[in-house]
Amino acid sequence: MIFIFGYFTWFALRKAVENDRRIERGEPTVEQTETNEKVLVFPYLIFIEFVVALFYAIGLVLWSLLLKAPLEEPANPTISPNPSKAPWYFLGLQEMLVYFDPWIAGVLLPTLIILGLCAIPYLDKDPKASGFYSFKGRRFAVTTFLFGFWILWILLIVVGTFLRGPNWNFFGPFETWDVHKVVPLLNVNLSEYFWIKGLGWGLPKFWLVRELPGFAVLAAYYTGVPWLLSKTVFKGLPTRMDAVRYSILMILFLTMLALPLKMYLRWAFNLKYLVAIPEFFFNI
């Protein structure tokens, strides 16, 4: 399936680059040179799809007859496999659980993914580069989507499948999966970095004061970064979009970037949570 995804990604980008070169030369796009003859969906397209589906069904039947199913002994409710992994299509979510609480990795992020994909046509109303493959006309949208799909989803599935072993420890590509591997837990919350390691004080007892550094970082991230991007990388974008659409775009974009940023902070600085409020089971 990864090879199929890779092929169609390459195919779409190749068509986009070809159209961009045609536009630079003043030529019509590939889609504009195609015939405008009306072709009925039935029976032409439906018949081809039916034949392809029939061949795929025959191939799956033959494959199932030639290969033995990887069945194990009957499930024992008293014994859990190690590593205990979700189905491959949920391994991306299981990998997110390493860096976020379940309410974020299992509920908030998947919901924002679905809502973000649904919101794309309403956020980007620019008719430029519409109706044909193009990369230059949709540089930000194409790059963001490919990064979110390949890096933040497919790559996490690959990591969870091949690089996560017993006790959900990380193992290299050729490293033996040692059940007795011990990894020291050195993760520290941002509040501990700030109050104990930074100021040399003890943690405040009141949770709101204790987690003020984390709330300040989140406020700066979701308010200061959009303003900074509007003056630099996304200069001119707020003028083409109204304030509501730009704000929604920034919330979705920054939340998507929060995943690789949190992963980097965990790997580089052993940062566990930006905001940790165990009194209310609320952690970010």
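Residue 7 is where the sequence shown starts when you use the numbering used here, and the numbers rise one by one after that. Positions of the beta carbon are idealized from the N, C-alpha and C atoms, including for glycine. Being a predicted model, the structure only gives us computed values, none of them experimental.
Residue pairing by DSSP places LEU277 opposite VAL194 in a beta bridge. Just so you know, the alpha carbons of GLU33 and ARG27 end up roughly 9 Å apart. Judged by DSSP in its simplified three-state form, ARG170 adopts strand. No beta strand (DSSP E) of 3 residues or more sits fully in the region 33-70.
Straight-line measurement puts the Cα of LEU121 at about 24 Å from the Cα of LYS134. Within the DSSP secondary-structure output, ILE283 pairs in a beta bridge with PHE288. For PHE11, the secondary structure class from DSSP, reduced to helix, strand or coil, is helix. DSSP places PHE176 within a strand segment (E or B) once states are collapsed to three. For the pair of segments examined, the region 261-279 was found to touch the region 102-109: the number of CB pairs separated by less than 8 Å reaches three.
For LEU123, the number of other beta carbons within 10 angstroms of its own is below 16, and it is reported as exposed. Taking C-beta atoms as the reference points, GLU101 and GLY208 fail to come closer than 9 Å.
In the DSSP assignment, TRP213 falls within the alpha helix (DSSP H) that extends over 213-216.
Take the alpha-carbon of LEU214 and the one of GLY204: they are about 18 Å apart.
Annotation note: the region 85-133 contains the following uninterrupted alpha helix (DSSP H) runs of length 4 or greater, listed N- to C-terminal: 97-102, 115-129. Short of 8 Å from the beta carbon of THR150, and not among the five residues preceding or following it, lie these beta carbons of its own chain, in chain order: PHE259, MET262.
For PRO232, the uninterrupted alpha helix (DSSP H) run begins and ends at 231-237, by DSSP.
The C-alpha of THR182 lies about 44 Å from the C-alpha of PRO210.
Contact check for VAL223 and LEU196: beta-carbon distance about 7 Å, within the 8 Å limit, so the pair qualifies. Between PRO172 and ASN88, the CB-CB gap stays under 9 Å. Secondary structure note for ILE163: its alpha helix (DSSP H) is the uninterrupted segment 161-164. The DSSP-derived three-state label of ASN82 is coil.
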